[in-house]
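Position 196 of the sequence shown, counting from 1, maps to 195 under numbering that gives the first Met the number 0, and the rest follow consecutively.
Quick notes on the structure that follows.
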Amino acid sequence: MMPTYKKLEETFNKAWSLVSPPFERVEIPYEGHRLPGLFYPARGKAGTRFPVVYNYGGADGILLRGEDGGASQYVRRGMSFLDVDGPGHGGTLREKKLYGPPDSERVAKAVIDYLITRPDVDPHRIGLHGSSMGGYSGPRCATAEKRIKAVAVWSGAYNLVDDIFDYYPPIQDRLRWLMGAKDLKEAREKIKEFTLEGKTNRIECPLLVGYSHDDRVMDPRGALRLYEKAVNSPDRSMLDGVGHGEKRFDRRTYIADWFMKQLGAG
0 MMPTYKKLEE
10 TFNKAWSLVS
20 PPFERVEIPY
30 EGHRLPGLFY
40 PARGKAGTRF
50 PVVYNYGGAD
60 GILLRGEDGG
70 ASQYVRRGMS
80 FLDVDGPGHG
90 GTLREKKLYG
100 PPDSERVAKA
110 VIDYLITRPD
120 VDPHRIGLHG
130 SSMGGYSGPR
140 CATAEKRIKA
150 VAVWSGAYNL
160 VDDIFDYYPP
170 IQDRLRWLMG
180 AKDLKEAREK
190 IKEFTLEGKT
200 NRIECPLLVG
210 YSHDDRVMDP
220 RGALRLYEKA
230 VNSPDRSMLD
240 GVGHGEKRFD
250 RRTYIADWFM
260 KQLGAG
C-alpha cells in the first residue's frame with residue numbers, strides 16, 4: 000500500500016509544481032504533530048471573512064485524491080472549504096502512524112483553532128461535513144466543539160460496532176488498521192468506543208443526516224438513531240439517497256445549499 004500512496008504523493012506534487020491550483024496547502028498543529036490540509040478559499044472581496052466548511056473524511060479518506068467532499072460546490076456559494084488528512088487518514092495514517100480516535104472532537108478542536116487564526120475565515124460561521132465513517136465523527140465533534148455551527152453527514156452513524164463493523168464485515172480489516180488494533184478481536188473492542196450513546200443530546204447546532212436505505216456499507220438504521228436522539232439540535236432533517244459516503248454527486252448541491260443557508264453564505 001505504501002508504494003501506491005508514495006506514487007500518488009509524487010504525482011500530486013508534480014502536478015502542483017505545474018499549475019496554479021485553486022487551493023492552498025496548509026499544516027495544522029495537532030498534539031505535537033502537523034496535519035496536512037488543502038484550503039479552498041471562497042471567492043470574494045479581499046479582506047472579507049467568509050464562512051468555512053471543514054471536511055472530516057471516512058475510512059478511505061485520502062487528502063491527495065483532491066476535492067474530497069465537493070469543495071467547488073462550496074466555493075461557488077461563497078464558502079471556503081478545508082479538507083484534512085486527520086488521524087486515521089491518508090499520509091497521517093501511513094507515514095505518521097496516527098490512528099483514528101473515537102473522540103474526534105480532539106481533531107476538530109485543533110482544526111478550528113487553526114481556522115480562527117485565518118483573516119479570511121469568520122470564526123462564527125464554521126460548518127462540518129462528514130462522509131462515510133465521518134458520519135459518526137462529524138456529529139461526535141459537535142457534541143463537544145461548540146464553535147461548529149452546522150453539521151451535515153453522508154451516511155450518518157450512531158455507533159460503529161453495529162453500524163459498520165458488524166454490518167459490513169469486508170471492511171473490518173481496514174478498520175483494524177486505521178484504529179491501530181493488532182487483530183480483529185481487538186479491533187471490535189476498540190470500535191465499541193466509537194459511539195454517540197449518551198452524547199447526541201449535546202448536539203446543539205443544525206444537523207442534516209444523509210443516508211441511503213440501500214447502503215451496503217453503513218447501516219441506515221444508525222442514521223435514524225442519530226436523527227432521533229439529537230433532540231437538542233434546533234434544526235434537524237434527513238436526506239435519503241445520498242449513496243454511501245458522497246457517491247451520489249447530485250446530492251452534493253443539496254447539501255452545499257443547506258450549508259449556504261445555515262452559515263449565511265452568498
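Every residue, glycine too, gets a C-beta built ideally from N, C-alpha and C.
Since this is a predicted model, take the numbers as computed values, not measurements.
{"Query": "Let me know if Ala-58 comes out buried or exposed under the rule of 16 or more other beta-carbons within 10 Å of its beta-carbon.", "Result": "buried"}
{"Query": "Is the region 194 to 205 close to the region 164 to 181, with three or more CB pairs under 8 Å?", "Result": "no"}
{"Query": "To the nearest angstrom, report how far apart Arg-224 and Asn-231 are at their CA atoms.", "Result": "14 Å"}
{"Query": "Beta carbon of Tyr-73, beta carbon of Val-106: below 8 Å?", "Result": "no"}
{"Query": "With H, G and I counted as helix, E and B as strand and the rest as coil, what does DSSP make of Met-237?", "Result": "strand"}
{"Query": "For Lys-95, tell me which candidate among Glu-30, Leu-238, Gly-126 and Arg-235 has the shortest Cα-Cα distance.", "Result": "Glu-30"}
{"Query": "In the region 14 to 42, which residue ranges form an unbroken beta strand (DSSP E) of at least 3 residues, counting only runs that do not cross its ends?", "Result": "23 to 29 and 32 to 39"}
{"Query": "Could you check whether the region 153 to 163 touches the region 212 to 228, counting it as contact only if at least three pairs of C-beta atoms, one from each stretch, sit closer than 8 Å?", "Result": "yes"}
{"Query": "Label Lys-148 either buried or exposed according to how many other C-beta atoms from any shown protein chain fall within 10 Å of its C-beta, with 16 as the threshold for buried.", "Result": "buried"}
{"Query": "Do Gly-134 and Trp-153 count as a contact pair if the criterion is CB distance below 8 Å?", "Result": "yes"}
{"Query": "On the DSSP letters alone, give me the boundaries of the beta strand (DSSP E) that Phe-80 sits inside.", "Result": "79 to 83"}
{"Query": "Can you give me the C-alpha to C-alpha distance between Gly-155 and Thr-194, rounded to a whole angstrom?", "Result": "12 Å"}
{"Query": "By alpha-carbon positions, which one of Pro-35, Pro-21 and Tyr-98 ends up nearest to Glu-8?", "Result": "Pro-35"}
{"Query": "Alpha carbon to alpha carbon, how far is Asp-84 from Pro-233?", "Result": "30 Å"}
{"Query": "Assess contact between the region 177 to 185 and the region 198 to 217, defined as three or more Cβ pairs (one per stretch) separated by less than 8 Å. Is contact present?", "Result": "no"}
{"Query": "Return the CA-CA distance between Ala-141 and Asn-54, expressed in angstroms with no decimal places.", "Result": "13 Å"}
{"Query": "Could you give the DSSP three-state label for Asn-12: helix, strand or coil?", "Result": "helix"}
{"Query": "Do you know offhand how far Ile-111's Cα is from His-123's?", "Result": "11 Å"}
{"Query": "Scan the region 83 to 150 and note each continuous alpha helix (DSSP H) run of 4 residues or more that stays entirely inside, going in chain order.", "Result": "89 to 93, 104 to 114 and 133 to 143"}
{"Query": "Got a sec, what are the start and stop residues for the beta strand (DSSP E) Leu-207 sits in?", "Result": "206 to 210"}
{"Query": "Apart from the five residues just before and just after Val-216, which ones in its own chain have a Cβ nearer than 8 Å to its Cβ?", "Result": "Ser-131, Ser-154, Ile-163, Tyr-166, Tyr-167, Ile-170, His-243 and Gly-244"}
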